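One structure is given here, and the rest of the page talks about it.
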Ligand SMILES: [Cu+2]
Ligand SMILES: [Zn+2]
């Protein structure tokens with residue numbers, strides 16, 4: 018009887034351990050996600066979602082899915098303010114630039130941390146652009162945190178050289194990047 022009791026205690030301990038190991042392995046809390054729901058500005062008809070996911074080793078992947086606009090190329094950036102209250106999107110401010118650089122091409126200094134580039138929209142009115150980088154964080158509260166900033170799509174193309182924002186023209190979409 019005493020041995021049987023000891024055995025069930027052992028069994029209980031083992032299953033508790035297995036449960037702990039299992040829940041660690043299946044835990045996806047080491048990814049952090051933020052999204053921006055895009056709304057039309059200047060009555061463009063644009064909609065879409067931009068998702069930022071930071072994984073366990075600190076890399077951030079952005080995926081922007083944009084729809085509702087004519088086939089072509091459009092500038093897309095992260096702007097400094099997560100404020101889409103203005104009907105023309107200007108409330109989002111200028112390019113997000115916590116490192117105080119000039120505007121340019123992502124990956125070739127100088128460039129803003131918000132310089133995504135241009136997105137290609139197909140004949141069906143939809144397009145996707147993605148980026149993976151360790152220059153951003155999601156929800157870390159540091160200067161390079163994308164949370165609380167504004168995603169902007171422009172009516173024109175980013176020429177990658179005009180200061181301070183690539184001469185991309187009016188803003189046709191805006192979204193506030195919010196931690197999920
Ligand atoms: Cu912009
Ligand atoms: Zn820029």
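Residue numbers (my numbering): 18 to 197.
Ideal Cβ placement from N, Cα and C applies to all residues, glycine included.
Computed from a prediction, not measured in an experiment: that's the story for all the values here.
Are residue i and residue j closer than 8 Å when you measure CB to CB?
{"i": "residue 180", "j": "residue 119", "result": "yes"}
{"i": "residue 80", "j": "residue 139", "result": "no"}
{"i": "residue 51", "j": "residue 156", "result": "yes"}
{"i": "residue 192", "j": "residue 92", "result": "no"}
Which partner residues of residue i appear in the DSSP bridge assignment?
{"i": "residue 195", "result": "52"}
{"i": "residue 82", "result": "66 and 145"}
{"i": "residue 120", "result": "Note: residue 120 sits in no beta bridge, so no partner."}
{"i": "residue 154", "result": "162"}
{"i": "residue 94", "result": "132 and 169"}
{"i": "residue 57", "result": "190"}
{"i": "residue 89", "result": "138"}
Rounded C-beta distance between residue i and residue j? I'm assuming under 8 Å.
{"i": "residue 85", "j": "residue 96", "result": "Incorrect: roughly 20 Å between the Cβ atoms, too far for contact."}
{"i": "residue 106", "j": "residue 169", "result": "6 Å"}
{"i": "residue 69", "j": "residue 194", "result": "7 Å"}
Taking all protein chains shown into account, do 16 or more other C-beta atoms lie within 10 angstroms of the C-beta of residue i, making it buried, or fewer, making it exposed?
{"i": "residue 71", "result": "buried"}
{"i": "residue 137", "result": "exposed"}
{"i": "residue 62", "result": "exposed"}
{"i": "residue 75", "result": "exposed"}
{"i": "residue 187", "result": "exposed"}
{"i": "residue 275", "result": "Given that the chain is displayed from residue 18 to residue 197, the structure contains no residue 275 and the question cannot be resolved."}
{"i": "residue 99", "result": "buried"}
{"i": "residue 8", "result": "Residue 8 is absent from the structure shown; the chain starts at 18 and stops at 197."}
{"i": "residue 47", "result": "exposed"}
{"i": "residue 53", "result": "buried"}
{"i": "residue 162", "result": "buried"}
{"i": "residue 135", "result": "buried"}
{"i": "residue 158", "result": "exposed"}
{"i": "residue 40", "result": "Confidence is the limiting factor: at residue 40 the pLDDT is only 48, short of 50, which leaves the residue's position unreliable and the question unanswerable from this model."}
Of all the options the options, which has the alpha carbon lying nearest to the alpha carbon of residue i?
{"i": "residue 94", "options": "102, 87 and 83", "result": "83"}
{"i": "residue 177", "options": "195, 149 and 121", "result": "121"}
{"i": "residue 160", "options": "188, 115 and 99", "result": "115"}
{"i": "residue 189", "options": "129, 145, 65 and 150", "result": "65"}
{"i": "residue 196", "options": "57, 58, 60 and 67", "result": "67"}
{"i": "residue 143", "options": "125, 48 and 90", "result": "90"}
{"i": "residue 185", "options": "112, 78, 54 and 108", "result": "112"}
{"i": "residue 149", "options": "102, 54 and 124", "result": "124"}
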